[in-house]
Structure formats: structure tokens, C-alpha cells
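Below: one structure, written as C-alpha cells.
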Amino acid sequence: MYGSGINALTHLGQNYFEVDQSLIPEILQVLRDDEKFDYCVDLTAVHYPKREKQFDVVWVLYSFVRNERIRVKTQIVDGASLPSSVPLWATCNWLEREVYDMFGIKFDGHPELKRILLPDGWKGFPLRKDYGILQQDSEWVQINLGIESGQ
Amino acid sequence: MHDLVQYIQSYLDSNQTPGAAGNIFWAVVYVLLVFVGLSIAVIAMNWLERKILAHMQVRLGPMRVGPHGLLQPIADALKLLLKEDIIPEEADKVVFWIAPFIVVLAAFTVFVVVPFGPTHAITDMNIGILFMLGVSSLAVLGIVTAGWASNSHYPLIGALRSSAQMVSYEVAMGLAVVSAIMMTSLNESNTGTLSMIGIVQAQLAQREWFLFKFFPLGIVAFGIFAIAMVAETNRAPFDLPEAESELTAGFHTEYSGFRWSLFFLAEYSAMIAVSSIAVTLWLGGWLRPFPNALSGPTWDLAFSLIPGLTFLFLAGMCFYSTVRMPKHPLFRIQTMGLAGFGALLAAIGLVLFIPAVRVRVSDIFWFSAKVAGFMYLYIWYRGTFPRYRFDQLMKVGWKVLLPTGLALLIVTAIWGMRSAVWADVVVPMWLGFVDLLRRIF
Amino acid sequence: MNPNLAANPPVATAFFFYGLAAVMVIGGIMVITRKNAVHSALALITTLLAQAALYLMLYAPFVAGVQIILYAGGIMVLFLFVIMLISIERASKERQFNKLWLIGIVAAAALGGLLIAVYTTTSKGRTMFVERPTSYVESQNTQAVAAFLFDRSTGMYMFSFEIASLLLLVAIIGAVVMAKKRI
Amino acid sequence: MTDPNTLSPLDLDTPDKTFLDSNELVINMGPQHPATHGVLRVILRLDGEKVLGLECVIGYLHRGVEKIAENRTYTMFNPYVDRMDYVAAVSNGLGYCEAVEKLLSVEAPPRAQYIRVILTELNRIASHQLWLGTHALDIGAITPLFYTFRDREEILKIFEKYCGARLTTHAFRIGGLQYEAYDGFEQDVKNFVSFVKPKIDEYEELLTTNRIWLERTKGVGVISGKDCVALGVTGPVLRASGVKWDIRKAQPYANYKNFEFDVPTGQNGDTYDRYIVRMIEMRQSLRIIEQAVEGIPEGPIMAKVPKVMKPPVGEIYHSIEAPKGELGYFIVSDGSTQPYRIRVRPPSFVNLQALDLMCRGQLVADVIAVIGTLDIVLGEVDR
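Chains A, B, C and D, in that order, give the protein sequences. All the letters of the first sequence, read from the start, carry residue numbers 1 to 151 under my numbering. All the letters of the second sequence, read from the start, carry residue numbers 152 to 592 under my numbering. All the letters of the third sequence, read from the start, carry residue numbers 593 to 775 under my numbering. All the letters of the fourth sequence, read from the start, carry residue numbers 776 to 1158 under my numbering.
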């Protein structure tokens, strides 16, 4: 029905869709309304710096009626944005904020897209692979904490 | 000199309180006795509350300072006195300074009329109970000003809650008190009294504690008072002003050191004061229990031995704990201290067996024992109940206690003058009502 | 002279009277001169307490007790309640006198004149009142108040007392109606 | 199972009627506040004492657990998960170990599974006990705290005897267990079960029918099943709102399918129902423990897993029913010894989102009750 834009796969007994970025809103809508995946368990991302489309964004969905889990995966390039899923699942509010906080992926239509775990004004997105484990926003640390290092 | 001795001795023959006898020497002695006794009671209460609450909560409580933590209150007092006394920069210094003193003054002044025995009160006022209620209501002023003077949000909210709560529960409290006062007028001359000593003497004359008078009215009135007095002293489950989980420490958040200890002192002496009111009004004040069922000289003798026996029992507990102390050189001083404390208690107990002392002290003992019962209740409440929410607290005060109190007042009045009421009031009113109905329809 | 007074002569009456009167006057002046409303309220409380003490000196302990409970303990707490929620900075900048100062001075002068007139008349030996009010023994003061109010043979204030309580009830209902937006 | 779609519709955005009242007051609560259970900061918008709305500010305890995972081997990361929900460290470990085992396509031997279930259920009881104590303390009842801590101590003693640690246990290894159950483990567990059963009655005696407790909890912080599902709220909070869903039943992991137990649900979704649900859950956990300790099979405790773990390339999502709700691990392997990405789906973080909805229209004192009833652990919220 969606042609090459969607791939239904199974790995270790877990089903997931690989979906083209353009089809995401429609697929999610269908999954929620028609397939009764009414519970968005999680929303996260994975960074592949060497790929052209650097980010995998993953929705983990669950249906109470079917007692079934499914994952929806899409690839996007750095700097691209996705439509927000908050209208579909209210829980995506904080989850999207966290993905934005950690990866810098923007979600259009999110009611209040700002950092959640890191302080406002922090520079850099820590869960990107090019962000070192000891790296920090030393400028922010110095201004707000008055010390040289936050480690 | 001889005159002075005579002046001092003359009081001992008179059967009055020092205030009524106009004897300044003995009045001063009584004031000192009451306030020293009160301070000791507050210190003891501090230790007992920690210990009893701890044992309710399956822990030991203070154990380090002195044997079984007996010296803990002293250590606490020293700590508080030595602590830095902080006055916030933005506070209203004068009012901040005055507030704790208002609270302490109000809490201590009420003890002027507390009757520990027929002659053991500083003075007997004609308006005793009114005086107690009035002066203890002045404590609210101290709390309000303390919260305001701190110039900080949490103390202000705490003070507002506290004063609203105290003012609300005073109403219900007053109604319960009035119903007890009405009971005092059940004598030949139909004259009641507001005097604290007079109230107890009325119970003596009627051979019945007001708790059991007009069953169940007395118990209901006592219940209203017992609930209202907990709210009045801001203790659990009505300790909203100090709700730690919401307001940190309520109106005294900004107070520290000595000033804070004044609030502490005032809280505990207020608890003792309201308990004294309850004991005086409903539990027969200084009268010993079971005056009717267990009467006669034998029983009188038996009951007069109880004070001494109580102290001997406490001494026995001390000796028992002494035996159970760890046998280790490090505990030697503690063991000796505990044994010494036990010996002191035993000595007091033995002194209390001397007939001359026995007679004079038994009134004070029974009064204190009843008050101590209330103190235990306070601790028990604190260990058992969750805290009310503010709106629920107000609901209990205004929508439950106040209507109950009003109804109680009316019923008590009707019951108190049963025969007269039927003939003079109820029947004519009913007839008039019927007549009115007939005219309308 | 009242028999009770003879039996129990009061101690240092003049000293206490002038002392309390001084406290009252100073308190009263502070009430109107303090810029901080809370300080004014505290001064007013002092005045009211001193007044209660004066009642005690007049062998009217019941009135004194009621004064403490109602005014010092009840009404002033409500005053403080309201005052505490006012911004002090703004209140202290307000002008202390309003346009009624002229009337105020006239009223104060009239009251002062009246008091002086009473003092001069009575000190010359003449009586202003037809009948001296009965003094009651202190220990019976409360009963006497009750008798005045409720006893059919000695007092006839029952009706006026009830009217007053009705008035207060109306005031309470009015306050509730005005304070609550919808009932 | 209750169909959540039949429940009342989600109403998140309708502003309160008095929203535009001029009396709006903003109060900051936390991050240092005795009742926010750690470093949660809540900004309250009040009308008098009524809450119009609130915003949570979190992240004060952020340690970058997910970033750390990418720089450690699978085995090395195992102790870190204990530090997230430090109140239920064993559950965290179970979820992580099972997820990696799934990725490696191995399964822990039956004996290991039984011991895992016993320890996890003990930990569930410990977590609920800690919740009960602190929650009651927030509402003003001091005593339950000491009762629950006394009994939780017995659980921690068993943990300590088993693996040497009391709080951050690191009890499980990928593929099974490192330690065989010590001598007398079964007896200790049985003793604990018979010891704690009357104690739970004791807690209930103090609270369940206490009038003040009822007034403080009934009708407070109500959330419907529909709203729970939309907000992703799981665990006892979801069940108290009438949705009978427990991963132990819905998608059994470990060997929960071998045990009989009931999933308690509430009807009203208020604080009282959540309290009741958790109390029943404690008893059900005891039931599971009783069955498990009777049936521990003999055999090895460790499956055959390589010393150097190199899971094949692929991704896995595995979730368990932690005491606080659904705890999920999303692990991406690139075939090396280190995970390419580990995502933790923390129940506390997601549940905390519901605080705003649950507190609207309530009083300030109720906010404290609701924070308590959500049973959040800030170590898990912030990771």
C-alpha cells in the first residue's frame, strides 16, 4: 500500500517497520487509530555519524487490545525535523524534549520544545557520537557554577 | 522580724489561696514553685515525647546523653542557648524580637489560676476560666506577628494558617466550656461559677465528675474540647502551621537558638495549660478517682499512698535498667548516674509516704497525673495520625464541632432545668406554636 | 464605701491607675503616629490590655476578661490578618492625615471639654449623676452582670440584649454575602 | 482487560475557569524541599491555595547514564543500571540482563531464573515499603515510615547475605547469576515471608481505615485510565485507574508464567486506590515468592555466555514490570564489545509527566500527596 517507503522486518522475534521519513505522520496515525497501538512506550534516537541520514528515530508502540509491541524506525538527516507526535500520544511531550535535548532533532508542532535534562542554554547534544564522554559546555559551567570543571 | 514570721505563718492557717488571702510572700513562693515546676515539666515532656514516640516507632530514641538519654533535654537546651541567634536582614527587628515573648507570656500567665488543689493555686479568680481562655488566646498575636516579622513567604503562610486555625477552634472550645460551666450551677442557690477552684468544688459537691454528668452530654462536651484543644495548640493531627513537608517549620521558620526555644517552651506550656482546663472542667481537677465506689477511710488511705508508690515504681524501673546496663567500664558513670537517679526517685517516694506530706501532696499528684495523661495522648496522636489538609481542618472546626457545640449547649441547658423548662418554656412554646398554626390555617 | 473595699483595701491604687492611664495614652498616640500598620495594631493591643487592667481595678473582672478575649484576642487578630497582607512599602508612603482632620480635632476638643467639665463639677462636690451606681462585690460581679441582663426582678435588659445579638447576626450574614461572590 | 478506549476522553488543554483571575501566584517548590523526594523542582501556579497548573524542572541529577553505556562493555555497564532507580536496583538489573541475553539469544538456566524472581519480588516489596513510608510521612503520619524501614531492613539483609550489597546490589549477571544462593537462603526467604505478612496488616491498620488518611487520599490526584494510557503512565498508577495491565502477565518474562498471582486494580484512580493497589501488590509479591522458593530447581546458575561478549548486530527492546511501572531497555548492537546505544525507558520519568494533570484544581497540600503517590525516584527521572 505504501510501496517501497515501508519495510516490515523482524529481528529476534520483535517486529519493526522501517519507514521513510515522509510517511511517518501517516503511518503513526494509522497505527494508533486503526491498529489500536494506543500506548507510545518510548521515543528515542540513534546517531550514525558515518551515514548520510545520520539519525534513526525510533518509536516503540504497544497495543493493549492486541498485546503486541511494534517499533517504527525512520532515518533523517542532521538538521531535519519531524512532525511532533504529541497530538497522537501526549506522553511524547517529554520524550521528544529529551530527544531534542540529547540529539538536537527538532519536532515541528511540539508545544514547548526546550531542553529537559540539561540546563537551558547548554551547548551541544551529548548523545551524538561526536560528543566526547568527558566533554562539557565549559563556558556554561563557568558562568553558572563559577568553577572550571563540572566533572 | 517576728511580725514577718507571723505574716508568713498566718497564711498556713487560712484556708485560701495566697492570692485570695492577700499574702504576698506566699504568692511569690507559689509563683516560683509553679514556674519551676512548669519548666521541669516541659523538660521532662521533651524527653518523654522523644522516648515514647521512639518506642511507638520501634526505635530507641535518645540513648547517648546520660543513661537512656536522660540528660538529652539539658544538652538540647545548652545547644539552643549557644547557637547563633539569627535575625533576618529584612525582618522587622522590633516585632521579631517581641513576638516570642508575647507567646511565652501568654502561655505562662494562664498558670496563675490553675488549681493544683483547693488552696494550691497562685490565686483564685472570679473569672478564672474566662481568664485562661482570654490570655491563652493572646498567644495567637505572638504567632501572627512572628510570621509577619520574619518577612518571608513560608512563615507568613504558616502564621495565617495558624491564627485562622486557633481563632476558629476557640469558638468550639468556648461552647464546650460553657456547657461545663452551666453544670456548676446545679445547686440550691442556682448560681454557677467561673472560678477554677469553684468548678472543681462544684464537682465535689455534686459527687460526680462533669465528664459523666448528664450522660452522654458531658462526654460529648469533653470530646469537643479535647479535639479543639489539640488544634488550639497546633499539634498533630492539626499541626498544619508546622507541616514540615509543606511549609518547613511554619511561623517559626526564621527563628533560631534562644528565640526558637521560647516558642518551644510556649508550645509545651500551652499544651499543659489546655490540659489543665480539661482536667479542671471535666475530670474533677485535684479529686482522686472513684470517690463514690471506693469510699471510706481505708480507700482514702490506699489512694493517698499512690503518689509514693508511683515514685517507688519509677525508682524500681531505674534500678531494673541499672541492672541491665552493659557491664563495661565505659558505662560505669552512666550506670552510677542511673542508679543515683533511681535513688533520688525512691527518696522522693519515701518522703511522700510521710503523713503530713501525703495529705498536702495528694491533690497536686492527682491533678498532675491527669494532666500527664493528656500529655501522653498528645504524643499518641502524633504517632498515629496523618495530618489534616487546611480546608478539612476548617470543615471539622466550623461544620462539625461548632454545630455540635451549639446543640450541646442548648440540650445541656434544657436538661439542667428539666422541670422548670417543661412547665415554663417548652409547654407554652409548644402551645403557642400550635395556636399560631391554627391561626394561619 | 463599699464593704468589700474595706475588707480588701486595694494596693497602690493611684500608682496603678496613673501607670495604666499613661500606658493607654502613649499606646493611643502610637496607634495614630506609627507609619507601619502592624506597629499601630500592636500599640492598640497594648492600649486594650491596659484598659482591661483598668476594668479589673474597677472590680469588674468579667468585663476585663471579655475585653481580653474579644478585643485583644479576637478582633485584633483579624485586624492583624488584614494588615499583614498589605504591602508595607506602599502603606508607609501614604499620607497619614486625610481631609477629616478638622472634624477630628473638633471632636477631640469637644470630648476633652466634656471630661474637664465632669472633673470640675464633681471635684466641687456636686454630683452629676442622680444615683450612684451600685458597686458589686468582686466575687459576685459575674453573677451581677447576669442578673442585670436576665433576671426579671432586677434587670430589664433581656430585650435589648437580644436585639443587639440580632443586629450582630445581621452583620455576620451581611459580611458573608459581601465577601462571597456566589453562594 | 479493561479497554482504555471506553474511558473518559483526555482533556489536557482545557484551562481552568479561574485561569485569568488576577490572584494568580507563582510559587517555587524545591529543588531543596523535604517533600519532593530528591531534587525535583516544581513551579506552581496558584489561585490562593488552589493549583492552576505546574511545571516540573528536572535534570539536577543527570549523570548521562546512556552516554556512559556507549563507552563501557556490556558487562561493565551492568552495575550502572543499579544507580538509576536505586530503590529497586534488582529490577533494573533484571531488565538489563534479560535484554542483553535476548540480544545474545541465550537464556538463563531455570535455577537462576527462580532466584532472580525471588530477589526481584523482594525488591518490589522493599520499593513499595519505602514508598509507603515516605508517602505517609508527606501526609503527616510519621510512624509508618519506621515500621516499613524496620521490615525493609530484613529484605536488605537477605540481599547483603546474597551478594554483599544492600542497595545497589548488582545481583545478576548477563546469562544468569554470579553467586549461588547461600546456605539457608530458602529458609531466610521463608522466614521473611512469614515475618512480613502480619507487618503489612500492621501498616494497613494504621492507615487504611484512618479517617484522616481517607480524607487526605480519596479523590485526590485523580487520573483516568484513558489519560494514563495517553500519557504513558504505567505500573500501579495505571492499574489504580482501572486498566488491568501488568507486563508480568501480559508479556511474561523471566519465568513469571509459572507463578500464580493476581493483578490488583482500582476504580477511581485516586491516591487512595493507588495506595490499596500497592498494598495488594506487596501481598501478591509474597505469594510469588512463596511459590518460587518452594520450587527452586537444582542445576547450573549460569548459561554459556562468552567471556568477551560480542552480540550480533541488531536491536532489541525489552521491558519488565519494575515496581514503578514499565522499565524498558532499547539496545543497539554494532557487533562490538560495547553497546552502540542503550536507551532506558524509565517509568518514573514518564509517570512524572502526569503530575500536572493530576494536580490541577487540587490544593497545595495535595501536590505533596500526589508527588508521593506517583512514587518517583529522581535518580531514574534524571538518569
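Every residue, glycine too, gets a C-beta built ideally from N, C-alpha and C.
- For A/Val60, the three-state secondary structure derived from DSSP is strand.
- Residues of chain A with a Cβ closer than 9 Å to the Cβ of D/Ser1016 do not exist, since the nearest Cβ in that chain sits about 13 Å away.
- Just measuring C-alpha positions, the residue of D/Ser1123, D/Thr895, D/Met1084, D/Tyr1050 sitting nearest D/Phe934 is D/Thr895.
- Cβ neighbours of D/Arg1053 within its own chain (closer than 6 Å, five residues either side excluded): His903, Pro1011.
- Every alpha helix (DSSP H) stretch that sits fully inside the region 520-578 of chain B and reaches 4 residues is listed by chain position as 541-546, 553-567.
- Under the Cβ criterion of 7 Å, A/Leu12 is counted among the residues facing chain D.
- For the pair of segments examined, the region 287-299 of chain B was found not to touch the region 346-359 of chain B: the number of CB pairs separated by less than 8 Å stays below three.
- The three-state reading of DSSP puts D/Asn803 in strand, counting E and B together.
- The C-beta distance from B/Tyr320 to B/Gly548 rounds to 5 Å, short enough to fall under 8 Å.
- Within the region 7-45 of chain A, the runs of alpha helix (DSSP H) at least 4 residues long that lie entirely inside it are, in chain order, 24-33.
- Here D/Ala1097 is bridged, per DSSP, to D/Gly1100.
- Under a criterion of Cβ atoms nearer than 8 Å, no residue of chain C is adjacent to B/Asn443; the nearest Cβ is some 30 Å distant.
- A distance below 7 Å separates the beta carbons of D/Ala1067 and D/Val892.
- Assigned with DSSP and collapsed to three states, B/Lys244 falls in helix.
- In terms of Cα proximity to B/Phe409, the closest of B/Asp236, B/Val209, B/Ala205 is B/Asp236.
- If you look at B/Ser412, you'll find it in the alpha helix (DSSP H) that goes 408-433.
- The three-state reading of DSSP puts B/Val474 in helix, counting H, G and I together.
- When B/Gly188, B/Leu368, B/Gly217 are compared, the shortest CA-CA separation from B/Cys469 is found for B/Gly217.
- Taking CB atoms only, A/Leu113 has no neighbour in chain D less than 7 Å away.
- DSSP, read as helix, strand or coil, puts D/Phe947 in strand.
- Under the three-pair Cβ rule at 8 Å, the region 820-838 of chain D does not count as touching the region 1085-1094 of chain D.
- Non-local C-beta neighbours of D/Leu1061 in its own chain, meaning closer than 6 Å and more than five positions away in sequence, comprise Val968, ordered along the chain.
- For the region 990-1010 of chain D, the beta-carbon criterion of a distance under 7 Å to any beta-carbon of chain A is satisfied by Val1004, Ala1005, Leu1006, Gly1007.
- Per DSSP, reduced to three states, the secondary structure at B/Pro251 is helical.
- Relative to D/Arg847, the option among D/Leu912, D/Tyr937, D/Cys938, D/Ile1117 whose CA is nearest is D/Ile1117.
- Taking the C-beta atoms as reference points, A/Val65 is found no nearer than 7 Å to A/Lys106.
- Secondary structure note for B/Pro442: it is in no beta strand (DSSP E), with a DSSP letter that is neither H nor E.
- Secondary structure note for D/Thr1148: its alpha helix (DSSP H) is the uninterrupted segment 1139-1149.
- Against chain D, the CB of B/Arg475 has no partner CB under 7 Å away; the residue lies outside that interface.
- The Cβ of B/Phe389 sits no closer than 7 Å to any Cβ of chain D.
- Taking B/Ile194 as reference, the option from B/Val585, B/Thr404, B/Leu229, B/Thr168 with the minimal CA-CA separation is B/Leu229.
- In this structure, D/Arg820 lies away from D/Pro806, with their beta-carbon atoms at least 7 Å apart.
- D/Ile933 has a beta carbon lying at 7 Å or more from every beta carbon in chain B.
- In this chain, the alpha helix (DSSP H) harbouring D/Thr918 covers 918-938.
- D/Gln1059 is classed as buried because its beta carbon has at least 16 other beta carbons within 10 Å across all chains shown.
- In the structure shown, B/Leu281 adopts helical secondary structure according to DSSP, grouped into three states.
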